[in-house]
Amino acid sequence: MNEFYAADPESCDNSGELRFMLGRFGPYSGRYLADFPSSWQEGVLRYCQELGPAEAERLKTAIRRAREGASLLRNNALPWSSQLDWIGNYLEVLRQRPGTFSNAIVRRSRQVESLLTIDDLELSPTADELVDAIPDEYVRVSRTLLKISPELAFIDPYVSPCTSDRRDVLVAMLREVATGKCRQVMVWSKYSLVVSEKKHSLVEVRDAWRDILHEAAWPAGRQFKHVLIDDSASKVRMHGRYLISIKGGVRYDQGFQRFGRGRGNEVSPVGRSLHDVLFGIYFENSHDMQIVHTTEM
551 MNEFYAADPE SCDNSGELRF MLGRFGPYSG RYLADFPSSW QEGVLRYCQE LGPAEAERLK
611 TAIRRAREGA SLLRNNALPW SSQLDWIGNY LEVLRQRPGT FSNAIVRRSR QVESLLTIDD
671 LELSPTADEL VDAIPDEYVR VSRTLLKISP ELAFIDPYVS PCTSDRRDVL VAMLREVATG
731 KCRQVMVWSK YSLVVSEKKH SLVEVRDAWR DILHEAAWPA GRQFKHVLID DSASKVRMHG
791 RYLISIKGGV RYDQGFQRFG RGRGNEVSPV GRSLHDVLFG IYFENSHDMQ IVHTTEM
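Here the sequence shown stands for residues 551 to 847, numbered as in my numbering.
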């Protein structure tokens, strides 16, 4: 999950190959392609310039759609030396910053052992993963969506800011959100699983969220909502555990919960069709669940 690849601007010989390559990346697959170098688009167009203006427009369209769909992401912080060729720069990034890329796609004439070409780009449909259920791992597999999404919904029937096994995860993920582009976060959970005489009061829940946001260095002016629902009489039910944004989503089999050592959590990208349904429910209110209480900060 959340793997980054790099591709030589000369790795594709035409717009068809470029569309094929870009289609292997994005939130629905759980892996991304980095703009490397920052002039990557110009390099693609320069390499294919002999194919003519019509093909150049098709290349531009493929790249624009990949950016809009968050398949191709900018990272101006990556070092680049004009003294090295593309593969040399790629290897230098890995030397300086191990783990930056999972792999690279190079042009056919420069095939290097362990690196890919467009001909052997056989990536699995999704980059699902069994992760250690600790805060740092939740952040790692979710980081791109946490950073690039203008709005986010954390969906888990059991999420409560008052329980330490979930609090630690929420602090870590919201701290990451605070450094990105997100302007609003909504947390959705079930009222009966969070608030009761045997659990916690609404006042305790609100105070716990205030402490979490303070610890996460939540910026002033950004919105936060905790939506508590009752779905006992509704057709739409809250069951799965997800992180959802307009860009895509991540499914966490056992929610946002820290477990003991040796126990993991299955994490996978949300597919396009399910994402459309979930986005409609939690962002466009296409549901018949009863909203019992909303805490806003």
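Where is the CB? At the ideal position from N, CA and C, for every residue including glycine.
Which ranges does the alpha helix (DSSP H) cover as unbroken runs of at least 4 residues, wholly within the region 734 to 799, from first to last along the chain? 741 to 744 and 752 to 765
For Phe704: DSSP bridge partner residues: Val737 and Leu793
Between the Cα of Arg772 and those of Asn653, Val662 and Val735, spot the shortest distance and give me the residue it belongs to. Val735
Let me check understanding here. Comparing Cα to Cα, which of Asp669, Glu567, Arg658 and Glu618 lies closest to Tyr582? Glu618
Backbone secondary structure at Lys578 - three-state DSSP: For the sequence presented, residue 578 should be read as Tyr rather than Lys. DSSP places Tyr578 in coil when its eight states are reduced to three.
Expressed to the nearest angstrom, what Euclidean distance is found between the alpha-carbon atoms of Ser784 and Asp838? 6 Å
Check this for me: beta carbons of Ser714 and Leu778, under 9 Å apart or not? no
With 16 as the cutoff for other CB atoms within 10 Å, does Ile762 come out buried or exposed? buried
Mind checking who Phe554 pairs with in its DSSP beta bridge? Tyr582
Continuous alpha helix (DSSP H) stretch holding Glu687: start and end: Pro685 to Ile698
State yes or no: is the C-beta of Val827 within less than 9 Å of the C-beta of Asp678? no
Those residues which DSSP pairs with Leu641 across a bridge: Partner(s): none; Leu641 has no beta bridge.
Taking the alpha-carbon of Gln599 as reference, which of Glu560, Pro700 and Tyr792 has the nearest alpha-carbon? Glu560
Would you tell me roughly how many angstroms separate the C-alpha atoms of Cys562 and Gly805, rounded to the nearest one? 40 Å
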